[in-house]
Amino acid sequence: MSKETSKLRLRLAKNYEELCQDVVRNILALSEKIIALRGRFAIALSGGSTPKGIYALMASPDYRNRFQWEKIHFFWGDERWVSPEDVKSNYRMVAEALLTRVDIPPGNIHPIRTDHENPEISAAFYEKELVSSFNLKNGEWPHFDLILLGLGNDGHVASLFPGSPELLLTNRLAVPVVGEKIEPSRVTVTLPLINQAEFIFLLISGREKAEILKAVLEGAGNNSLPVQKVNPQDGEVLWFTDQSAA
Ligand code: 6PG
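Mapping of the sequence shown onto this note's numbering: position 48 corresponds to residue 39, and the numbering continues sequentially without gaps.
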């Protein structure tokens, strides 16, 4: 079983399989609590490779019949500017691991669409989707019940990269991330949106994450890394990691 250490709320699993079990158990418990309270559970999914096993476990015989899929709304924290059939697509990764394997009402799936003319238009459409799905009044922020985030080796979360101007934006829900070093371009939610979440699960597994995790926990870069700016004012961050990363 994973154990929780220190006020940082870092949960240490023996290995990736145990990390996935711990994350899915926590997602299930949280979804049951929130659905009982508010009738709906809004989750923003992470892309990348770490969460694949988590999404697949949610769709497995052990869990598929325990989630109230019709009351769960799936959003994405970021997307690569590729077709949804592209192997790089975060939508495709989630569709293969989860969406095509369980019965989720299509209206509950809110992808960042990449069939617009450019990433800026895509980001604007996604902001509209957030406003309508969360029924936001002018200037209000969506409060996700849970946001899943992976951790890049450079300390990025979603598609908020170190030193990027997008990190400083305070008046946008979602933005394009374009640049010669950003291949493919991205669309990402912003830091203020992330920090409005009730719960944030950081998913960090594997030996290749040991260095960045150590640096982050030691406050490297005088807390300027994107992951170090994940600090929800009224929410909680749980770090799910495993022994090879920690
Ligand atoms: C993406 C993710 C990105 C990812 C990290 C960690 O679109 O790739 O949003 O932020 O979570 O880069 O990726 P891994 O889980 O593959 O290590």
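No residue lacks a Cβ here, since even glycine has one placed at the ideal position from N, Cα and C.
The DSSP-derived three-state label of Leu142 is coil. Residues of the same chain with a CB within less than 8 Å of the CB of Gln234, apart from the 5 flanking positions on each side, are Leu3, Ala4, Lys5 and Asn6 in chain order.
In the three-state scheme derived from DSSP, where H, G and I count as helix and E and B as strand, Arg0 is classed as coil.
When Leu89, Phe65, Gly141 and Val78 are compared, the shortest CA-CA separation from Tyr117 is found for Phe65. Counting only the Cα atoms, Ser22 lies some 8 Å from Phe58. Nearest Cα to Ile138 within the set Asn186, Asn214 and Pro167: Asn186.
Taking 7 Å as the cut-off, one finds no heavy atom of the ligand 6PG near enough to the beta carbon of Arg31. When only Cα atoms are considered, Leu158 and Gly68 end up about 14 Å apart. The beta-carbon distance between Leu151 and Leu121, rounded to whole angstroms, is 17 Å. This is too long to meet the 8 Å contact definition. For the options Trp230, Ser124 and Lys62, the alpha carbon positioned closest to that of Pro102 is the one of Ser124. Counted as a single uninterrupted DSSP element, the stretch harbouring Arg104 is not any beta strand (DSSP E), since DSSP gives it neither H nor E.
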